[in-house]
Structure formats: C-alpha cells, structure tokens
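Here it is as structure tokens:
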C-alpha cells in the first residue's frame, strides 16, 4: 500500500475479499474521464498548453512508482484517469517491483498493450522461463502516449500485428515527426524512444520541454 498516499495514484477506498466466491471487490475513488476517452472525444480541446501540462502530470505519476522501483508495464492513455483536474495512474494489474539487487522486474510472461510496448520487452530473451522488464520500458510507453497527444495517432499504427512488432523492433524504422514545429517537443519524443539510453521517469522529468 506504499502508493496509497500519493496524489498521482488512484486511491483505494475499501475492499472486501469474498472467499466463497473467490472474488476480491475493490472500491476506488471516482474519476471523471480517462485520457484515452478525452483524446477521442475532445480532440479540439487539445492544444500545446494541454499537452505540456498533462505530459508534466504523467511524468509525476510515473516518477512516483519509479522512485519505488515499480514498473507499471501497461502505460497507455486508458490508464491515466482525470480526477477533479488531477491526472492519476490506475490499473496496476501487471505492475511489478524490481528486487533490490536487480535493475529490472522479473515476470513470468510478456504482457502489455502492443502499441505501447517497448522493443526490449518484445525482444527480451527468455531466461529460466522468465522475462526482465526495466523501468525504461515505461518511458517508451510514455513517448507513445505523448506522440498520440501531439499527432492524434500512434507512432506504430499498423493494423497487422506482425508488421507492428517488426516496426517497433526495427531501430531504423522512421517515425514521422513532420508537422510538429516545436524542436523541444520533438527532442522529448526522440529521447523517449531511444532504446539504449532511455531514462526513467524521474530523469525524463528534468527535460526542458516541461520547464
């Protein structure tokens, strides 16, 4: 429950475990709208100020969990919820903590939403039947969300899954940044997508775009 005191993580108000039903019921605070729905239904309200403010808020959300060595593993617009004007992170169903003596979380399988999955997650070699997921995998996902906010589409929008995976894994695949006139914003997008030196959310928070 170490995240429950954070204003950037959805609050759990109560829960009940019904063993006879093998079900856990959880009561969460009520949100107004998730970012995915906002991007689809209120596109005309998205301007540079909106993007800058909510990018800042997303970084704060992710910094909270990365400071605690937690990889969310499924960052996407649907998992950011607006609650009375504050953006909060939700759905920790496949999140995982990083052991103190390691630099990545260990998982039994590859999970996440393909359009937002980082190359290192898709190409990670199976070690003893498990997979290593580093913090920077979340940063790649953040970059995909930011791209969606700016351009109204995903950086890897292929409908064919094999083609999409191939593009994500291809370091020479050209992502289209034309139409974005802000050089700092383009720099943030490029840094987020750099597979080798992608920072964690805390370091990315220091980037000039949010200043």
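Numbering (our numbering), first residue to last: 6 to 216.
From the three backbone atoms N, C-alpha and C, an ideal C-beta is built for every residue, glycine too.
Put simply, the backbone Cα of residue 32 is about 11 Å away from that of residue 15. Taking residue 66 as the centre and dropping the five residues before and after it, the same chain places the C-beta of 13 and 94 closer than 6 Å to its C-beta, in chain order.
Taking the Cα positions, residue 29 is about 13 Å away from residue 98. Closest by C-alpha distance to residue 20, out of 34, 63, 148 and 79, is 34. Here the stretch 176 to 188 makes no contact with the stretch 81 to 95; the two share fewer than three CB pairs at distances below 8 Å. In the DSSP assignment, residue 143 falls within the unbroken alpha helix (DSSP H) covering 141 to 156.
Using a C-beta cut-off of 8 Å, the stretch 52 to 71 makes no contact with the stretch 167 to 184, since fewer than three inter-stretch Cβ pairs fall below that distance. For the 8 Å CB-CB criterion, residue 138 and residue 155 do not form a contact. Apart from sequence neighbours up to five positions away, the residues of its chain that approach residue 112 with a beta-carbon distance below 7 Å are 101, 135, 136 and 138, ordered along the chain. Selection 84, 74 and 128 evaluated against residue 106 yields 74 as nearest (Cα-Cα). For the stretch 14 to 95, the continuous beta strand (DSSP E) assignments of 3+ residues that do not extend past its boundaries occur at 17 to 23, 28 to 33, 85 to 88 and 91 to 94, in sequence order.
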